[in-house]
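All remarks here apply to the structure that follows.
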Amino acid sequence: MKKIEERIRERASAHYDYMVQTRRYLHKNPEVSFKEFETTEYIAHELKKLNIRVERPLETGCVGIIEGDKPGPVIALRADIDALAMDEEGDAKREFFSDRPGVAHCCGHDAHSANLLGTANILNDLRDEIRGKVLLIFQPAEEKLPGGGRLLTESGFLHDQGVDEIYGMHMNPVYETGQVALKAGPLMARPDEFEIEITGKGGHAAAPHQTVDPVVILANVISQFQTIVSRSIDPAEPAVVTIGKVWAGSAHNVIPAKANMIGTVRTFSKETADVIKGRMDQILKGVTEGAGGSYKFEFNEGYPAVINDEACTAKLRKAADGVLEKNEMIELDKPIMAGEDFAFYQQEFPGAFFFLGIASDEADSRWNWHHPKYNIDEKAFLIGSALMAQLVLGNHD
Ligand code: NI
Numbered sequence: 028m029k030k031i032e033e034r035i036r037e038r039a040s041a042h043y044d045y046m047v048q049t050r051r052y053l054h055k056n057p058e059v060s061f062k063e064f065e066t067t068e069y070i071a072h073e074l075k076k077l078n079i080r081v082e083r084p085l086e087t088g089c090v091g092i093i094e095g096d097k098p099g100p101v102i103a104l105r106a107d108i109d110a111l112a113m114d115e116e117g118d119a120k121r122e123f124f125s126d127r128p129g130v131a132h133c134c135g136h137d138a139h140s141a142n143l144l145g146t147a148n149i150l151n152d153l154r155d156e157i158r159g160k161v162l163l164i165f166q167p168a169e170e171k172l173p174g175g176g177r178l179l180t181e182s183g184f185l186h187d188q189g190v191d192e193i194y195g196m197h198m199n200p201v202y203e204t205g206q207v208a209l210k211a212g213p214l215m216a217r218p219d220e221f222e223i224e225i226t227g228k229g230g231h232a233a234a235p236h237q238t239v240d241p242v243v244i245l246a247n248v249i250s251q252f253q254t255i256v257s258r259s260i261d262p263a264e265p266a267v268v269t270i271g272k273v274w275a276g277s278a279h280n281v282i283p284a285k286a287n288m289i290g291t292v293r294t295f296s297k298e299t300a301d302v303i304k305g306r307m308d309q310i311l312k313g314v315t316e317g318a319g320g321s322y323k324f325e326f327n328e329g330y331p332a333v334i335n336d337e338a339c340t341a342k343l344r345k346a347a348d349g350v351l352e353k354n355e356m357i358e359l360d361k362p363i364m365a366g367e368d369f370a371f372y373q374q375e376f377p378g379a380f381f382f383l384g385i386a387s388d389e390a391d392s393r394w395n396w397h398h399p400k401y402n403i404d405e406k407a408f409l410i411g412s413a414l415m416a417q418l419v420l421g422n423h424d
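Residue numbers (the working numbering): 28 to 424.
Rendered as structure tokens:
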């Protein structure tokens, strides 16, 4: 009998064309968060073709369940399925594009879904080897609060299924095709969002003394915000305060009554996020009241940080060792500041998240997440689908 790694890789090659076709179909037919109705039907249909039981704990998305004949752990593998509300940009090298204006798979969740369907096929071929139970989670709405990961976790479904470990991945153009990047502990940040409205007193641009100019207040607040991370947070602790949009006014010669901004705060703990929120409020109060204005401040908590469990990361490393060639595994030494709702699962179950490289010149796939030209090198499916299968089949003692 061949080693299980070899059999998995063989099956991944056998299902490669299937994964490519599946990804291209999903790419042409994207649906935004919480509206993934056709996508869910499509995925459920593909799972049923393999005689895999399908459950639908949420309105969209689904979970395929494969039971092994022998006892063993319950391992959940998670893909996200939603697209973004944006237009993708054309590139002559690509023969497939979104058929739907204003919706596009520019974060590659089409590929995550196709990859996990590939894993479903591999596991189906090797059903006799499965011990315990496998959950194939096709999760909706990664891109939109409150997050499908949160809703699925809170639904109790995964607890009812007795999940022991959960694994997920995001394809990542920072790494070359087929490379796997992993890290124990903090991997991705907690992304909170804020909205601020400053109210002054509008009037004629030539008579500023009769007004309270909210634009000047806003400018001062923005400057003061730059001191939060540099003066109030431990330098060894990663944190970001970014203002993503500011707006005010309507004409050259009018001082407006209001000025607004929105932005995001990235941290690795609720404690740090709370310190930043508190400092923002103090600065807003001081600067605004000092100038005779007032403010509204909304701080919306996003996803928790993705913190990888030590034992699960060790299993992931072992699985990657089995599937990858040498030098294809990258041990990250620091986390990244993007967020992921995979974090919600990790609040309840031990789990590990990793990145799969998809960058190549040939596929023109070096564009960043959410870029209108985002693309993946489909050859990554050979590694991604095999690694997911190996997490199930290769982790027995
Ligand atoms: Ni994404």
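Ideal placement from N, C-alpha and C gives every residue a C-beta, glycine not left out.
This structure is a prediction, so every number in the text was calculated from the model and none was measured.
Query                                                                                                                       : Result
Outcome for residue 317 when other beta-carbon atoms lying within 10 angstroms are tallied against a minimum of 16          : exposed
Distance between residue 140 and residue 329 (C-alpha atoms, nearest Å)                                                     : 24 Å
Exposure label - residue 199; buried when at least 16 CB within 10 Å                                                        : buried
Selection from 183, 150 and 94 that minimises the alpha carbon distance to residue 413                                      : 150
Spatial distance of residue 175 from residue 169 (CA atoms)                                                                 : 6 Å
Residue 381 vs residue 215 beta-carbon contact at 8 Å                                                                       : no
Limits of the alpha helix (DSSP H) - the one that residue 215 falls within                                                  : From DSSP, residue 215 is part of no alpha helix (DSSP H) but of the beta strand (DSSP E) over 212-215.
Local conformation of residue 364 per DSSP, three classes                                                                   : coil
In DSSP terms, what residue 174 is bridged to                                                                               : Beta-bridge pairing links residue 174 to no other residue.
Per DSSP, cross-strand counterpart(s) of residue 274                                                                        : 287
Cβ-based neighbour list, residue 82, same chain, cut-off 6 Å, excluding 5 preceding and 5 following                         : 90
C-alpha gap between residue 203 and residue 135, whole angstroms                                                            : 15 Å
Length of the line joining the Cα atoms of residue 291 and residue 303                                                      : 11 Å
As assigned by DSSP and simplified to three states, the class of residue 308                                                : helix
Neighbourhood of residue 47 by C-beta distance below 6 Å, restricted to the same chain and skipping five residues each side : 405
Three CB pairs or more closer than 8 Å across the region 357-365 and the region 36-53                                       : no
Residue 52 to residue 68 span [Cα, whole Å]                                                                                 : 13 Å
DSSP-derived helix/strand/coil call for residue 384                                                                         : strand
Cβ separation of residue 242 and residue 286, assumed to be a contact under 8 Å, to the nearest whole Å                     : 5 Å
Proximity winner among 415, 288 and 187, relative to residue 271 (alpha-carbon distances)                                   : 288
Whole-angstrom distance between residue 332 and residue 179, CA atom to CA atom                                             : 17 Å
Opening and closing residue of the beta strand (DSSP E) in which residue 165 lies                                           : 158-166
Where residue 34 sits in the DSSP three-state scheme                                                                        : helix
Delimiting residues of the alpha helix (DSSP H) encompassing residue 419                                                    : 407-420
Residue 197, DSSP secondary structure in three states                                                                       : strand
Segment contact, 8 Å Cβ cut-off, at least three pairs: the region 205-219 with the region 319-329                           : yes
Any non-hydrogen atom of the ligand NI within 7 Å of residue 134 CB                                                         : yes
Length at least 3, wholly inside the region 220-265: the beta strand (DSSP E) runs in chain order                           : none
Residue 259 versus residue 123: straight-line alpha-carbon distance, rounded                                                : 49 Å
Rounded distance between the beta-carbons of residue 399 and residue 116, thought under 8 Å                                 : 4 Å
Spatial distance of residue 71 from residue 262 (CA atoms)                                                                  : 48 Å
Bridge partner(s) assigned by DSSP for residue 89                                                                           : 165
Residue 115 CB to nearest heavy atom of the ligand NI below 7 Å                                                             : no
8 Å contact criterion, which residue 410 and residue 351 should meet: CB distance rounded                                   : 7 Å
Residue of 311, 98 and 267 minimising C-alpha distance to residue 293                                                       : 267
Closer than 7 Å: residue 222 CB and nearest the ligand NI heavy atom                                                        : no
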